[in-house]
Each structure stands twice: as structure tokens, then as C-alpha cells.
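S.K.: Take this structure, written in C-alpha cells, and hold onto it; I'll ask about it next.
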Amino acid sequence: MMLSHFKKLFSSALLFSGLALLTTQAFAAADTLKQEDFVGISFWIISMALVASTAFFFLERDRVSPKWKTSLTVSGLVTLVAAVHYFYMRDVWVATGSTPTVFRYIDWLITVPLLMIEFYLILSAIAKVPTGVFWRLMIGTLVMLIGGYVGEAGYVAVWPAFIVGMIGWFYILYEIFAGEASKINAASAPPSVQSAFNTMRLIVTFGWAIYPIGYFFGYLTGAGPESSANALNIIYNAADVLNKIAFGLIIWSVAVAETERSGK
72 MMLSHFKKLF SSALLFSGLA LLTTQAFAAA DTLKQEDFVG ISFWIISMAL VASTAFFFLE
132 RDRVSPKWKT SLTVSGLVTL VAAVHYFYMR DVWVATGSTP TVFRYIDWLI TVPLLMIEFY
192 LILSAIAKVP TGVFWRLMIG TLVMLIGGYV GEAGYVAVWP AFIVGMIGWF YILYEIFAGE
252 ASKINAASAP PSVQSAFNTM RLIVTFGWAI YPIGYFFGYL TGAGPESSAN ALNIIYNAAD
312 VLNKIAFGLI IWSVAVAETE RSGK
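Counting from 72, one number per residue, gives the positions in the sequence shown under this note's numbering.
Encoded structure:
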């Protein structure tokens, strides 16, 4: 009992030490943020929200049954990776006023596949799920991200790249609404898991729709570079708040509900 308690305290100490280092790095550039820089402020707000969410998800692992711990760990990793990248993205924006495209896509290349893994994990907690579900979600994710990046980085014309990215997104939507993942959820999942799965796929539908809106306003409207960059980054930042933090909170809620139900 004492050893288990010590391990929890030690893990908590490591977690908060790591988060303290992240926030120290964040405050190092705080005096360069201007009050009229609303894009920079949005970077600051979400970076702090992501740090708080990381602490919450990792600490809440002790509250849920073992089969749900991996899902909460992944949720914490999503927000942790995003928080680190947001510190860098904010610094790039505040210092240069330019869009931190490379940092943002490195973040997405790690965190978006992890979000897709969450669908696989919550289904695996209640049923045997074929690995094909996992790989189809990964393929759709990579097509979507690569299409978006080559357009934003200027390697390919923005319209063809936009279309490729949308094809990847639609492929993901098919899998979670009509494919094998959706069928397993309908056939095997208890009501709380079905509710979480349905809410998660609504986020992928409507929350992820914010990204192509940002891409459109940033590259396809013909507006001036400054206004386009402002719109692009504010929209992307708002989408990340919803799609990373809210996604994890859905996982947390179903994990707690199922843990309490099995305990009774």
C-alpha cells in the first residue's frame, strides 16, 4: 500500500515538474506579447489550457479502471504534445507575425493520429476490434494531413492539395459513420460508450470542419497576407481547443462512467 502511494506521489511530482518547465519557457517570452495582438493572445490562452488539461488527464488515470487508463494516457499525450508546440508557435507569431506552419503540422502529425487511435481504444475496451479499423483510420489521417501540408507549405497548388486533404477527411468520416468502427460500436458498445463514440464523431465532423474553413480563409479568398494570416491562425487555434481538449474530456467522462458502472 505504501509503495503504491509513493509511486503515485512520485508520478505526480514528475508530472508537475515537467509542466513547470513548460510554463517557465512560456513566461520567458511573455513580455513581448502586445495587448492588441489577438492572434498572439489566442496562442497564449490555448497553450495554458493545454497544460491544465494535460495535468487533469494524467491525474485522473488513478480514478478509472485499468482498461480505460490507456485512453486517458493518450488524451494527456495529445494535450502535452500540443502544449509544447503551441509555446513554439506562439513565439514564432509574436516575434515575426508569420504563420508557424511547420510547427503546426508537426503537432498535427503526432496528435491527430493519436485522436484517431482513441476511437480504436474505446472500442477495444468493450469488444475485439480488427486491426484493419486502426489502419484505415491512420491512412485517412495521413492523407488528410499530407494534403493540407503540401498546399500550405507551397509544394503543391492550394486547390489540389485542399481536395486531397478533404478526401482523407471524408474517408475517416465514412469509417466512423458507416464503416466497421461504426458497426462495432452499434453492435457491442454499452450506452455510455455509444454516446461517447457518437459525440466524438460529431467533433470529427463539425469540429474538424473548422480546419478547412481556416485553410479557405487563409489561402483561397484572395485577401491580403496580414488579414489572411490572422484569420487562419485564430480559426486553427479555436479548432484545436475544441478538437484536442473536448475530445479528451469525452474520453474521460465515458471512462469514469464505465468504471463506476462496473464497480456497482
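Using N, Cα and C, we set each Cβ at its ideal position, and we do this for glycine too.
1. Please confirm whether I321 and T276 have their CB atoms less than 9 angstroms apart.
2. Taking 9 angstroms as the cut-off, decide whether the C-beta atoms of T121 and L151 are in contact.
3. Would you mind reading off the limits of the alpha helix (DSSP H) that contains K138?
4. What do you get for L194, buried or exposed, if any count of 16 or more other CB atoms within 10 angstroms of its CB means buried?
5. Name the two residues that bound the continuous alpha helix (DSSP H) containing T103.
6. Rounded to the nearest angstrom, what separates I217 and K138 at their Cα positions?
7. Find the nearest neighbour of Y157 within the set T172, S146, V145, judged by alpha-carbon distance.
8. Mind the definition here: the segment 161–168 touches the segment 323–333 only if three or more C-beta pairs lie below 8 angstroms; say whether that holds.
9. Given that a residue counts as buried once 16 or more other Cβ atoms are within 10 Å of its Cβ, and exposed if not, what is I188?
10. Counting along the chain, where does the alpha helix (DSSP H) carrying W279 start and finish?
11. Using beta-carbon positions only, say whether A302 and G289 come within less than 9 angstroms of one another.
12. Quick check on DSSP: helix, strand or coil for A267?
13. Reducing DSSP to helix, strand and coil, say where M73 ends up.
M.R.: Checking against the coordinates, here is how it stands:
1. no
2. Sequence check: residue 121 is Leu here, not Thr. In contact: L121 and L151 (Cβ atoms closer than 9 angstroms).
3. 137–167
4. buried
5. Per DSSP, T103 belongs to no alpha helix (DSSP H) and is neither H nor E.
6. 33 angstroms
7. T172
8. Below 8 angstroms, too few C-beta pairs join the segment 161–168 and the segment 323–333 to call them touching: fewer than three.
9. buried
10. Here W279 belongs to no alpha helix (DSSP H), and DSSP marks it neither H nor E.
11. yes
12. helix
13. Confidence is the limiting factor: at M73 the pLDDT is only 44, short of 50, which leaves the residue's position unreliable, though a coordinate-based value still follows. If DSSP states are grouped into helix, strand and coil, M73 belongs with the helices.
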